[in-house]
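The block underneath contains the structure these notes are about, expressed in structure tokens.
In full-length UniProt numbering, the protein residues as written are 1 to 923.
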């Protein structure tokens, strides 16, 4: 046996840990193992009790259980942030960390018993515990030990927190790294003979711990003798049916299921980049703990609390929350009488059914593409939806089953989405406009059980690791269809599903009717300001959204709509409207031409056109007088980004009888406001910063959370509707999303006060109750004068005749940033200092500075730069990527060259920085 503390670095020499936390407890002999000692980190250790830590004041205990090859040091931040009234105990398993190294091999049941004996010795349970409630926090193989103990103990278990762990070992899909580590030839070498396995835990991090922390995590394992238990832990993974720990792991897994059935609150903090504990283990954990709250970081790995230290903050927020119901539980959203009335009028497809009964031969959808035109009537669409819904039920889709849909807008997409709803499922929509890799990442986060898509979509997500039973949507038939299905590993085709393929099971019971609180959809944000976030809508929100769209945008059943904005291609049937999908690439809105729009309008005699700003811009650019005007269109709507008045004026020449409406909202809540920008008076434009997006639509209440000096929005008690106060826009409406999917912390931090949504947008209300948007909160420039929102300066600069578009970015450290304006000049304008220089010509720069102003809410413009175009998001081709733009501007001003032209500007950049430095900037 290696003596305690003989081999490793003492705590006094390690960062971020209080050596007074550590002490040792005696573990009596059991199950053939001799008595030994375990090291623990304890916020109420004997040393700290001697200094005043009062055990009698402890109300709750948190037990932290590490995995392999870490030790109690993993939980140092959890101990450091423990609030008053809590005791935190983090154990070192026998043979690991700073515990003794006995000679005997310990299997899973022995380690669960070790933990129980240690907690009894500490007075956490048993005599002396005073019946205090215990929470358990686990990681890695510590999950089986800690949750196994929680499932069998008589102690009152208050809650559990799990971080990247597993309770189930699938026989057929063991991660390659684990299989290799258990291989006879490699096991001893990788886990004991060398530090390979120990070091790998830190190396797989995203971004991973610092070198200093990585050394501390590995410090108890300097040689083969100290690493013996590391190898034993790997060998104890019960992959084989006759493994000594297999039956215990099965008992643990079922015990955790019983914890879930008892309603024990659970939080799961997950790093999705973990090469070992992948999302399939998360799926299994949530199946056993169905009420668990989840926060999943798409870019974090195995040591999730090292990759995302804010996870410790979330854990303590959750543990100390007085609420016992999960934040995302069905029915927790505030209800509205109007929503309940809408729900009582029938499900989201009720108007499709009604139109199919009243006017079955009327065209429901027409899709156009090249020389091909395809249409379906309301009667045929209703029949198609019902057939597919019954096929989905035979396939296994039930209430709450998630079905990802990778089908372009048109007849097939509409039929599939409504069929999923009719079958009781929830549609997961991550459109191709996100880009292939972000789309696949979004789908992995939602974890659909089924994926329905065209061959191109199924092939892409299969290659990128999206799981789920695949159903192919294909126009091919017979042998060609079967070959295509095999190529993308699909179980069957949409045609098979429609026809009742025998592989889908027996005939289903009658189709269910959803309740208002059933999950209906998981949609994804554009990713323009970070990774796409899943947004969950229940049927009550969908119904409310349908009704507010109808009222606010003045849509009428029986009319016809050209849906050149992908989200609205699905709303035609819900509104009882005929829809046309124009000939365009939905992943590139600016591929919609004037000719294609005219064709779509004429195909259905459209009354309404909905298109993104990028699409409108290309319509104007490609318009030929020979196309004529579209006199029958009464309304043009555009959303996705601010729409310049000049663009709408150009559009109006093509649709002279149409009103123009630009609804404002986001994936989480659309619409919130609506206006015709052409009606905003010139004096109002001059008096207000940003873009006027209009008054709240019916049912929406808006408030402003004023910005503090550091740019942070105010707390709940600061919300105001006073005019001319800039801050975060906070909205309440019956159609605001239910919650963010598997982002518990994001939901908590954006859904307050209760029932409200913090949009992340910065704006202000005017005296008429209209909302003016000044930019995103994350793009606010934090200067020494205070926060400067981009929208005010941008709107004034864009009134300069030579400027087509402009973006404001901050350069330098937070709190001392300087304002840079990046502009795109009008065609033919000589805007550059010389040649391809990214620096604006002096006269233009002076005009920009004059327009930007120097009054309240502004700051001097330190630099004016020029580009041929601004970087924008993929989905809308309209939202400026200011983060990328700020990086580019910083490189230019630091003299590191202009990536858009390939020319170095070092000398010029240094001169510019010199000038900026004179006003206080320190790069």
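Each residue gets a CB set at the ideal place from its N, CA and C atoms; glycine is no exception.
None of these values were measured; they are calculated from a predicted model.
Buried or exposed, going by whether 16 or more other CB atoms sit within 10 Å of the CB of residue 324?
Indexing the chain shown from 1 puts residue 324 at position 324. With a pLDDT of only 40 at residue 324, under 50, the local geometry of the prediction cannot be trusted, and the value read off the model is given with reservation. Flag for residue 324 reads exposed.
Could you name the residues that DSSP lists as bridge partners for residue 318?
To locate residue 318, count along the chain shown from 1; it is residue 318. Looking at the DSSP assignment, residue 318 forms no beta bridge with any residue, so it has no partner.
Excluding sequence positions up to five away, which residues of its chain have a Cβ less than 6 Å from the Cβ of residue 326?
Taking the chain shown and counting its residues from 1, the one referred to as residue 326 is at position 326. Caution is warranted here: a pLDDT of 41 is assigned to residue 326, below 50, making its placement in the model unreliable, and the coordinate value is therefore given only provisionally. Cβ neighbours of residue 326 beyond the five flanking positions: 291, 293.
Spatial neighbours of residue 370 within its chain, please: CB distance less than 7 Å, with the 5 preceding and 5 following residues excluded, ordered by chain position.
For the purposes of this step, residue 370 is identified with residue 370 of the chain shown, where counting begins at 1. For residue 370, where only same-chain residues beyond five positions count, the Cβ hits under 7 Å are 583.
Out of 638, 468, 645, which has the shortest C-alpha to C-alpha gap to residue 664?
To locate residue 664, count along the chain shown from 1; it is residue 664. Comparing Cα positions, the closest option is 638.
At which residues does the beta strand (DSSP E) containing residue 759 begin and terminate?
The residue given as residue 759 occupies position 759 in the chain shown. Looking at the DSSP string, the run of the beta strand (DSSP E) that includes residue 759 is 757–765.
Where does residue 326 sit, in a helix, a strand or coil, going by DSSP?
Stepping through the chain shown from its first residue, residue 326 is reached at position 326. A caution first: residue 326 carries a pLDDT of 41, below 50, which makes its placement in the model too unreliable to give a value.
Measure how close the beta-carbons of residue 389 and residue 419 come, nearest whole angstrom, since I'm counting them as under 8 Å.
Counted from its first residue, the chain shown places residue 389 at position 389. Counted from its first residue, the chain shown places residue 419 at position 419. Contact holds; Cβ gap of about 4 Å.
Measuring straight from C-alpha to C-alpha, what distance separates residue 198 and residue 73?
By 1-based counting over the chain shown, the position of residue 198 is 198. By 1-based counting over the chain shown, the position of residue 73 is 73. Looking at the two C-alpha atoms, the distance is approximately 14 Å.
State buried or exposed for residue 30, treating a residue as buried only when at least 16 other CB atoms are found within 10 Å of its CB.
Within the chain shown, the letter at position 30 stands for residue 30. Burial call: exposed.
Grouping DSSP H, G and I as helix and E and B as strand, with all else coil, what is residue 814?
In the chain shown, the residue the question calls residue 814 occupies position 814. Residue state, collapsed to three classes: coil.
For the structure I just gave you, are there three or more beta carbon pairs, one from the region 665–679 and one from the region 543–557, closer than 8 Å?
yes
With a cut-off of 8 Å, do at least 3 Cβ pairs link the region 423–440 to the region 382–401?
Three or more Cβ pairs closer than 8 Å define a contact, and the region 423–440 meets that threshold against the region 382–401.
Residue 703: which of 759, 15, 808 sits nearest, CA to CA?
Residue numbering aside, residue 703 sits at position 703 when the chain shown is read from its first letter. When each option's Cα is compared against that of residue 703, the closest is 759.
Considering Cα atoms alone, identify which of 468, 626, 446 is closest to residue 453.
For the purposes of this step, residue 453 is identified with residue 453 of the chain shown, where counting begins at 1. Nearest option by C-alpha distance: 468.
Note the first and the last residue of the continuous beta strand (DSSP E) segment covering residue 86.
By one-based count along the chain shown, residue 86 stands at place 86. Its beta strand (DSSP E) spans residues 86–91.
Is residue 148 helix, strand or coil when you go by DSSP?
To locate residue 148, count along the chain shown from 1; it is residue 148. Look at residue 148 here: in three-state DSSP terms it is helix.
Might you give, ordered along the chain, the residues of its own chain that have their beta carbon closer than 7 Å to the beta carbon of residue 391, omitting 5 neighbours on each side?
Walking along the chain shown from the start, residue 391 turns up at place 391. Contacts found: 497, 498, 500, 504.
Would you list, in sequence order, the uninterrupted beta strand (DSSP E) runs of no fewer than 3 residues that lie entirely inside the region 852–896?
861–866
In three-state terms, what does DSSP make of residue 241?
Taking the chain shown and counting its residues from 1, the one referred to as residue 241 is at position 241. Note: residue 241 maps to coil in three-state DSSP.
When the Cα of residue 675 is compared with those of 710, 658, 695, which residue comes out closest?
To locate residue 675, count along the chain shown from 1; it is residue 675. Per the Cα distances, 695.
Which residue or residues does DSSP assign as beta-bridge partners of residue 159?
Within the chain shown, numbered from 1, the residue matching residue 159 stands at position 159. Paired residue(s): 135.
Whole-angstrom Cβ separation of residue 235 and residue 182, contact assumed at under 8 Å?
Here residue 235 is taken as the residue at index 235 of the chain shown, counted from 1. Here residue 182 is taken as the residue at index 182 of the chain shown, counted from 1. So it is a contact: roughly 7 Å between Cβ atoms.
Within its chain, find whatever has a CB closer than 6 Å to the CB of residue 428; leave out the 5 residues flanking it on each side and keep chain order.
One-based indexing of the chain shown puts residue 428 at position 428. Correct list, in chain order: 402, 404, 446, 448, 522.
Roughly how many angstroms separate the alpha carbons of residue 661 and residue 793, rounded to a whole number?
Your numbering for residue 661 matches position 661 in the chain shown. Your numbering for residue 793 matches position 793 in the chain shown. In a straight line, the C-alpha of residue 661 is about 24 Å away from that of residue 793.
Beta strand (DSSP E) segment containing residue 772, residue limits:
Here the question's residue 772 lines up with position 772 in the chain shown. Start and end: 771–776.
Please report the straight-line C-alpha distance between residue 791 and residue 274, rounded to a whole angstrom.
Counted from its first residue, the chain shown places residue 791 at position 791. Counted from its first residue, the chain shown places residue 274 at position 274. Taking the straight line from one Cα to the other gives about 40 Å.
Secondary structure at residue 571, three-state DSSP: helix, strand or coil?
Sequence index remark: in the chain shown, residue 571 carries index 571 (1-based). Residue 571: helix per DSSP, three-state reduction.
Contact belief for residue 597 with residue 575 at Cβ below 8 Å, rounded distance in angstroms:
Locating residue 597 in the chain shown gives position 597, where the first residue counts as 1. Locating residue 575 in the chain shown gives position 575, where the first residue counts as 1. Actually they are not in contact, since the Cβ atoms of residue 597 and residue 575 sit about 21 Å apart, beyond 8 Å.
Span of the alpha helix (DSSP H) around residue 357:
Along the chain shown, one-based indexing puts residue 357 at 357. Its alpha helix (DSSP H) spans residues 350–358.
Residues sharing a beta bridge with residue 295, DSSP:
Counting from 1 along the chain shown, the entry for residue 295 is found at position 295. BP columns for residue 295 point to 269, 743.
Tell me, to the nearest whole angstrom, how far the beta carbon of residue 743 is from that of residue 295; I am working on the premise that it is less than 8 Å.
Taking the chain shown and counting its residues from 1, the one referred to as residue 743 is at position 743. Taking the chain shown and counting its residues from 1, the one referred to as residue 295 is at position 295. Yes, residue 743 and residue 295 are in contact; Cβ-Cβ is about 6 Å, under 8 Å.
Applying the criterion that 16 or more other CB atoms from any shown protein chain within 10 Å of the CB defines a buried residue, is residue 69 buried or exposed?
Here residue 69 refers to the residue found at position 69 of the chain shown. Counting of Cβ neighbours within 10 angstroms places residue 69 among the buried residues, the total reaching 16 or more.
Cβ shell of residue 535 (< 6 Å), same chain only, five flanking positions each side left out
As a working mapping, residue 535 is identified with position 535 in the chain shown. 523, 667, 668, 737, listed in sequence order.
Taking just the CA atoms, how far does residue 95 sit from residue 720?
Taking the chain shown and counting its residues from 1, the one referred to as residue 720 is at position 720. Taking the chain shown and counting its residues from 1, the one referred to as residue 95 is at position 95. Going by the C-alpha atoms only, they are around 59 Å apart.
Residue span of the beta strand (DSSP E) that contains residue 608, given as start and end:
As a working note, residue 608 is residue 608 in the chain shown. Its beta strand (DSSP E) spans residues 608–611.
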